[in-house]
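For reference, the structure is listed below as C-alpha cells.
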Amino acid sequence: MSVNSEAVGRSYGPFEPYEVTRVKIREFADAVDAFSGAHRDVAVARAEGYADVVAPTTFAVVIAQQAEFHVVTDPEVGVDFSRVVHAEERFTHVRPLVAGDVVMTTVHIDAIKQRAGISMVTTRSEMVDLDGAPVSTVVSTLAVRETQDEGETQ
Amino acid sequence: MTESTSPSFAGLEVGQVVAEREIALTRASLVRYAGASGDFNPIHYNDVVAVEVGLPGVIAHGMLTMGVAASVVEEWGGAGNVSDFQVRFTRPIPVPNPGEATVSVTARIGALDEERRTARVDLTVQHGDVKVLGKAQALVDCA
Numbered sequence: 001m002s003v004n005s006e007a008v009g010r011s012y013g014p015f016e017p018y019e020v021t022r023v024k025i026r027e028f029a030d031a032v033d034a035f036s037g038a039h040r041d042v043a044v045a046r047a048e049g050y051a052d053v054v055a056p057t058t059f060a061v062v063i064a065q066q067a068e069f070h071v072v073t074d075p076e077v078g079v080d081f082s083r084v085v086h087a088e089e090r091f092t093h094v095r096p097l098v099a100g101d102v103v104m105t106t107v108h109i110d111a112i113k114q115r116a117g118i119s120m121v122t123t124r125s126e127m128v129d130l131d132g133a134p135v136s137t138v139v140s141t142l143a144v145r146e147t148q149d150e151g152e153t154q
Numbered sequence: 001m002t003e004s005t006s007p008s009f010a011g012l013e014v015g016q017v018v019a020e021r022e023i024a025l026t027r028a029s030l031v032r033y034a035g036a037s038g039d040f041n042p043i044h045y046n047d048v049v050a051v052e053v054g055l056p057g058v059i060a061h062g063m064l065t066m067g068v069a070a071s072v073v074e075e076w077g078g079a080g081n082v083s084d085f086q087v088r089f090t091r092p093i094p095v096p097n098p099g100e101a102t103v104s105v106t107a108r109i110g111a112l113d114e115e116r117r118t119a120r121v122d123l124t125v126q127h128g129d130v131k132v133l134g135k136a137q138a139l140v141d142c143a
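Read top to bottom, the protein sequences are chains A and B. In terms of full-length UniProt numbering, the first sequence opens at residue 1 and continues consecutively. In terms of full-length UniProt numbering, the second sequence opens at residue 1 and continues consecutively.
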C-alpha cells in the first residue's frame with residue numbers, strides 16, 4: 001500500500017470545538033516538565049498578564065493530533081499508521097492558548113512527497129477562536145514506510 | 001507575550017547559552033505523556049509491537065522530546081512567550097525497562113532581530129552523543 005499523492009490539497013473540518021481546560025494544561029505541563037506556576041495557578045498567570053493559566057508551547061499538539069487523525073484514517077489517503085514515524089513538527093502561535101479558550105481546527109494536506117519507499121505527508125492544522133480569529137498553526141510531517149519495505153526504521 | 005515575564009532583549013548575544021537541563025525519561029514518563037497528549041501509539045509502551053515494526057524497543061514520543069525541549073526554552077523565555085518552535089526528529093530515543101534514558105538540552109541564542117525584539121533560540125538536544133532533534137529553533141518574544 002502506498003500513500004495517494006493526489007490527496008494533496010484536501011482539507012478536513014472544522015471539527016467539534018476543543019475547549020482548553022485548566023486540568024488538561026496542568027496535566028500536559030507535568031508531562032513535559034514545564035515548571036512555571038503560570039501553567040497551574042490562575043493568580044500567577046494573571047500576574048503575568050494572562051486571562052487564565054497558559055498552555056505550554058507544544059500543548060496545541062493535543063488538538064492538532066485529533067485533527068490529523070482524520071487524515072491518517074482516511075482510506076482514500078492510504079496511510080498505514082503502524083508504519084508511521086514523526087519526521088518534523090512546527091508550532092506558530094499568534095497568541096498562547098489559555099484555559100477557557102474554545103478553538104476550531106481545520107487540517108489541510110499541504111504536501112505528499114515520495115522517495116525511496118517512504119512517503120512524507122505534511123499536514124497543517126489551523127486553529128481559530130469562535131470569532132474566527134487565528135490562534136495557532138501546527139505543521140506536522142509524518143514519514144510513512146511503504147508496506148513492502150522491510151528495511152530499517154529511522 | 002507579556003511584558004512581565006519576557007526576557008530583556010538588551011544585552012543578549014549570539015552564541016550565549018540561556019538555559020540547559022538534563023531530563024531522565026523512564027517508561028513512566030512515556031505513559032504520563034501518552035495520557036496527557038492522547039498519543040497512544042503502542043510503540044511508546046509495548047516492546048513487542050515496537051520490535052515488530054523494526055524498532056530496538058519502546059521509544060520516546062518525538063513530541064515528548066520536543067515538549068521537554070520547549071520547557072527548557074520557556075524556563076528562560078517565560079511561559080507563553082515562545083511564538084514559534086520547529087524541530088526535525090532525526091533519531092529515536094530508546095527507553096529501557098527498567099532504567100532511564102537521559103536527554104540533555106542546551107538552548108543558545110542563534111539570532112537576534114532588533115526590529116521585532118525577538119531572539120531565535122537554537123537547541124542542541126542529545127541522548128548520549130547522539131543528536132535526536134535537528135533544526136530545533138524557537139522564537140522568543142523579548143521586552
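Where a beta carbon is used, it is the ideal one built from N, C-alpha and C, also for glycine. If you're wondering where the values come from, they're calculated on a predicted model, not measured in any experiment.
Contact set between residue i and chain A, taken where Cβ atoms lie within less than 9 Å
i, result
"glycine 23 of chain B", "First, the amino acid is wrong: residue 23 of chain B is isoleucine here, not glycine. Going along chain A in sequence order, the residues near isoleucine 23 of chain B (Cβ under 9 Å) are Asp33."
"arginine 27 of chain B", "The contacting residues do not exist; arginine 27 of chain B stays about 14 Å from chain A at best."
Supposed close pair residue i, residue j - CB separation, criterion 8 Å
i, j, result
"serine 36 of chain A", "alanine 19 of chain B", "Going by Cβ atoms, the distance from serine 36 of chain A to alanine 19 of chain B rounds to 13 Å, so no, they are not a contact pair."
"alanine 119 of chain A", "alanine 60 of chain A", "Checking the sequence shown, residue 119 of chain A turns out to be serine, not alanine. The pair is not a contact, with the Cβ atoms about 24 Å apart (cut-off 8 Å)."
"residue 158 of chain A", "methionine 104 of chain A", "In the structure displayed, chain A extends from 1 to 154; residue 158 of chain A sits before or after that span and is not available."
"valine 105 of chain B", "alanine 69 of chain B", "5 Å"
"valine 53 of chain A", "valine 98 of chain A", "7 Å"
"histidine 108 of chain A", "serine 5 of chain A", "Going by Cβ atoms, the distance from histidine 108 of chain A to serine 5 of chain A rounds to 15 Å, so no, they are not a contact pair."
"alanine 66 of chain A", "glycine 38 of chain B", "Reading the sequence as shown, one finds glutamine at residue 66 of chain A and not alanine. About 7 Å separates the two Cβ atoms, so the contact holds."
"alanine 55 of chain A", "valine 85 of chain A", "At roughly 26 Å, the Cβ-Cβ gap does not stay under 8 Å, so alanine 55 of chain A and valine 85 of chain A are not in contact."
"alanine 119 of chain B", "leucine 25 of chain B", "Not a contact, Cβ separation roughly 27 Å."
"leucine 64 of chain B", "serine 29 of chain B", "7 Å"
"glycine 100 of chain A", "alanine 64 of chain A", "Not quite, the Cβ-Cβ distance comes to about 19 Å (not below 8 Å), so this is no contact."
Beta-carbon spacing of residue i, residue j below 7 Å
i, j, result
"valine 125 of chain B", "glutamate 89 of chain A", "no"
"glutamate 126 of chain A", "threonine 106 of chain A", "yes"
"alanine 138 of chain B", "valine 103 of chain B", "no"
"alanine 34 of chain A", "serine 71 of chain B", "yes"
"threonine 123 of chain A", "valine 71 of chain A", "yes"
"alanine 143 of chain B", "serine 6 of chain B", "yes"
"histidine 44 of chain B", "alanine 36 of chain B", "no"
"alanine 101 of chain B", "histidine 61 of chain B", "no"
"valine 8 of chain A", "valine 79 of chain A", "no"
"alanine 107 of chain B", "valine 140 of chain B", "no"
"glycine 67 of chain B", "threonine 58 of chain A", "yes"
"phenylalanine 89 of chain B", "alanine 87 of chain A", "yes"
"isoleucine 109 of chain B", "valine 48 of chain B", "no"
"valine 144 of chain A", "arginine 83 of chain A", "yes"
"isoleucine 59 of chain B", "proline 98 of chain B", "no"
"serine 4 of chain B", "glycine 132 of chain A", "no"
Contacts that residue i makes with chain A (C-beta to C-beta distance below 8 Å)
i, result
"aspartate 84 of chain B", "Arg90, Phe91, Thr92 and His93"
"glutamate 75 of chain B", "Phe35 and Ser36"
"valine 58 of chain B", "The contacting residues do not exist; valine 58 of chain B stays about 13 Å from chain A at best."
"serine 4 of chain B", "Ala47, Glu48 and Gly49"
"alanine 107 of chain B", "What alanine 107 of chain B touches in chain A: nothing, since even the nearest Cβ is about 12 Å away."
"alanine 70 of chain B", "Val32, Ala34, Pro56, Thr57 and Thr58"
Amino acids of chain B, ordered along the chain, whose beta-carbon sits closer than 7 Å to that of residue i
i, result
"methionine 126 of chain A", "Rather than methionine, the amino acid found at residue 126 of chain A in this sequence is glutamate. Simply none; closest approach about 15 Å."
"valine 61 of chain A", "Ser37 and Met63"
"proline 96 of chain A", "Gly80"
"alanine 21 of chain A", "What sits at residue 21 of chain A in the sequence shown is threonine, not alanine. Residues of chain B passing the Cβ test: none, with the nearest at roughly 12 Å."
Within chain B, the residues that residue i reaches when beta carbons sit closer than 8 Å
i, result
"arginine 83 of chain A", "Val53"
"serine 54 of chain A", "Reading off the sequence shown, one finds valine at residue 54 of chain A, where the question assumed serine. The contacting residues are Ala79 and Gly80."
Amino acids of chain B, ordered along the chain, whose beta-carbon sits closer than 9 Å to that of residue i
i, result
"phenylalanine 28 of chain A", "Tyr33, Ala36, Ser37 and Gly67"
"glutamine 65 of chain A", "Ser37, Gly38, Asp39 and Met63"
Per-residue contacts from residue i into chain A (C-beta, under 7 Å)
i, result
"serine 8 of chain B", "Those within 7 Å of serine 8 of chain B in chain A number zero; the least Cβ separation is about 16 Å."
"alanine 136 of chain B", "Neighbours of alanine 136 of chain B on chain A: none; closest Cβ ~10 Å, over 7 Å."
Problem - Within the UniProt domain "MaoC-like" (17–120) of chain B, ranges of the beta strand (DSSP E) (whole runs, at least 3 residues) - result: 17–25, 82–89 and 101–113
Exercise for the section: Report yes or no: do the region 24–32 of chain A and the region 1–16 of chain A share at least 3 C-beta pairs separated by less than 8 Å? Expected result: no
Handout entry: Cβ pair count under 8 Å reaching 3, the region 35–53 of chain A against the region 47–54 of chain B
Key = The region 35–53 of chain A is not in contact with the region 47–54 of chain B.
Handout entry: Segments assigned beta strand (DSSP E), at least 3 residues, entirely inside the region 85–147 of chain A
Key = 102–115, 118–129 and 134–145
Exercise for the section: Report the residue ranges of all alpha helix (DSSP H) runs contained in full by the region 17–93 of chain A; include only those spanning at least 4 residues, in chain order. Expected result: You should have 22–31, 42–47 and 60–72.
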